[in-house]
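At position 64 of the sequence shown the residue is numbered 63 (numbering that gives the first Met the number 0), and the sequence of numbers has no breaks.
The beta carbon of each residue, even a glycine, is placed where N, CA and C say it ideally should be.
For clarity, every value in this text was computed on a predicted model and none was experimentally measured.
Quick notes on the structure that follows.
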Amino acid sequence: MPDLKFAKSTIPDLSGRVVLITGEFARLVSNLAYLPGAGGIGAELTVELAQKTPKRILFTGRNANAAEKTLERVRQATAAEAVTFVPCDLASLESVRAAADQIQAQCNGRLDLFLANAGIMAHPAGLSPDGYEVHFATNHLGHALLTQKLLPLLERTADDLSSADGSDNPPRVICTTSVGWKGGNLDFRGGLRTTQESALLGRWVRYCNSKLANMLYARELARRHSKLLCFSVHPGVVSTGLVTVLKFTDHLFIQITNVGNIITPEQGTYNHLWAISAPCKSIEQGGFYEPVGVLSSEKGVKTKDEKYANQLWEYTEKELEKFM
């Protein structure tokens, strides 16, 4: 296990700030039904940040029972009561739209931190309720719709902060991706509305495609909405329900290809906590950061960006129009 380090003492006080975290509180199985899963990075971040006296934390997920366990952990860790669970199935755009409306109503005109964290990995071939490949729908489209619905609130917060105190610490949109984006490709000619079945490692290809979309969406969001600080982070290979509930062969694949690199859920929060804590001027707009706080300057980032980023943005906006 790698010796990742992060000083939690550097996490800023969040007094007056509003935080939104999407969480992985459910697991997708072969028939596309959901079963309870272990709380992952989203749950760990919710508990950790609740101790920094925020004005409000909202966290989303599909499983109310798992969410209640997170809320109980919050109650044990702090007297803070401003933590709210918002039901949201990221695979369903109608569910996301409803969640976005609830979030806006509860934010009271402010949103300082948006951690687009939830996701699924290496699940069987299938389509979302809206007819998209299910990894792309859950990991990318759901988050993209939530982001688009919340952009006016995020940018209004940026304007309010700037006019109030000349703040150089704008709202942050932090997208969770992984190094899997390197193996991703995006087919905008109809492939995203198929199950993308493949005889060889198809479930991993589908996952990688969605992680590429996460990384590129953060870069394009940064280009198009410069009032905000937008970038993506890789938490590392974390031993959460995302990994532990995989079938034996996939779990073994993870173990073999990441010998000595699998980290605990607590360590899996470090890159996100760094992303919240690091001074604004030290973070590259649209950057991709590996743990902890290591900016990737690989040629592959630029190559994928030039090939897909604008197409992804335009495709996403077109597909989400009727839900806005």
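Problem - Neighbour-count burial assignment, M323, 16 or more Cβ in a 10 Å radius - result: exposed
Problem - Coarse secondary structure for R96, derived from DSSP in three states - result: helix
Problem - Residues near I115 in its chain [Cβ-Cβ closer than 8 Å; skip 5 each side] - result: Note that residue 115 is Ala in the sequence shown, not Ile. T21, H142, L145, T146, V172, I173, C174, T175, N213.
Handout entry: beta strand (DSSP E) segment containing L19, residue limits
Key = 17 to 21
Exercise for the section: Helix, strand or coil for S209, going by three-state DSSP, please let me know. Expected result: Of the three classes helix, strand and coil, the one that applies to S209 here is helix, per DSSP.
Exercise for the section: Note the first and the last residue of the continuous beta strand (DSSP E) segment covering I173. Expected result: 171 to 175
Exercise for the section: Determine the extent of the alpha helix (DSSP H) in which G60 is found, giving its start and end residues. Expected result: No alpha helix (DSSP H) holds G60; the beta strand (DSSP E) holding it covers 55 to 60.
Exercise for the section: With DSSP collapsed to three states, give me the class of F84. Expected result: Residue state for F84 is assigned as strand, using DSSP reduced to three classes.
Problem - the segment 265 to 280 in contact with the segment 207 to 224 per 3-pair CB rule at 8 Å - result: Verdict: no, contact absent.
Handout entry: 9 Å Cβ cutoff met for L57 and V18
Key = yes
Exercise for the section: In the DSSP assignment, find the unbroken beta strand (DSSP E) run with L114 in it and report its ends. Expected result: 112 to 115
Problem - Cβ neighbour criterion (16 or more within 10 Å) applied to K303 - result: buried
Practice task
Please name the residue or residues paired with S231 in a DSSP beta bridge.
Solution key: C174, F287
Practice task
Decide yes or no for the touch test of the segment 214 to 222 against the segment 287 to 304: beta carbon pairs closer than 8 Å, at least 3 of them.
Solution key: yes
Exercise for the section: Out of Y206, S177, A308, R202, state which residue places its alpha-carbon closest to the alpha-carbon of S295. Expected result: S177
Practice task
Alpha carbon to alpha carbon, how far is F230 from L200? Give it in angstroms, no decimals.
Solution key: 29 Å
Practice task
Mind checking who L294 pairs with in its DSSP beta bridge?
Solution key: BP columns for L294 point to Y288.
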